[in-house]
Amino acid sequence: MIELSVKLASLYAQTDRDDEAELGFKFCVDTMNEKVKKAGGILEADTNTLALRGISMHSKYHVYCIRNA
């Protein structure tokens, strides 16, 4: 579900629907941060969880940097 949410938020960002993109990225990052927390932290979380968390954060901040460059 997170993979699709990141893709959808990215599409929103590409079509200048910034409010929807921001909400989508926030959902992804918050969801993955909560999953890492439930796993006991970064050192205890599985590789897929950490990878999706990284993809979510990277996508969010990539769009932010492009918009504010």
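Throughout, the numbering used here is defined as the position within the sequence shown, counted from one, plus 144.
Glycine included, each C-beta is placed from N, C-alpha and C at the ideal position.
- Helix, strand or coil at Asp190 [DSSP, three-state]: coil
- Message: Taking the alpha-carbon of Met201 as reference, which of Val180, Lys181, Glu178 and Cys172 has the nearest alpha-carbon?
- Response: Cys172
- Message: Which complete alpha helix (DSSP H) runs does the region 157 to 184 hold, if anything under 4 residues is left out?
- Response: 162 to 183
- Message: Given a cut-off of 7 Å on the beta-carbon distance, is the pair Ala189 and Phe169 in contact?
- Response: no
- Task: Can you tell me which of the three DSSP states Ala213 falls into?
- Result: coil
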